[in-house]
Amino acid sequence: MIAFGFLEGSDKAVRLADVSLALTPEAMRSFAAFVAAAAAEMERLGPDYDHVHWQDYPGWDESWPDIQLTKVYATSGHGS
């Protein structure tokens, strides 16, 4: 697993050493369901899986950040 993100105003991904999410219980349950659904989608699609956005998942709230869950890109430097 690797964590990466984008600095505001930049389109260059940076590797993150630590990720903190400040969540309400409601948001945490929604995020947990999103992660479980993304894992099922990854298994279903196999190598065709690329990424999913939390903002596209039912129950996402506009006040929450969008989080993308991606497959591991071994050749792009986003290793496992």
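Just so we're aligned: 80 in this note's numbering is position 80 of the sequence shown, and the numbers increase by one with no gaps anywhere. A virtual CB, placed ideally from N, CA and C, is assigned to each residue, including glycine.
Assuming residue i and residue j are in contact, meaning their beta carbons sit under 8 Å apart, how far apart are those beta carbons, in whole angstroms?
i      : j     : result
Ala3   : Leu16 : 4 Å
Lys109 : Tyr49 : Past the boundaries of the shown model lies residue 109; the chain is included only from 1 to 80, so the question cannot be answered.
Leu7   : Val14 : 6 Å
Distance, Cα to Cα, residue i vs residue j?
i     : j     : result
Trp60 : Thr24 : 13 Å
Ser63 : Gln55 : 10 Å
Ala38 : His51 : 8 Å
Gln68 : Val35 : 10 Å
Glu41 : Gly5  : 22 Å
Based on the DSSP output, what are the partners of residue i in its beta bridges?
i     : result
Leu69 : Val52
Leu45 : DSSP lists no partner for Leu45.
Tell me whether residue i is buried or exposed, calling it buried when 16 or more other Cβ atoms sit within 10 Å of its Cβ.
i     : result
Ser10 : exposed
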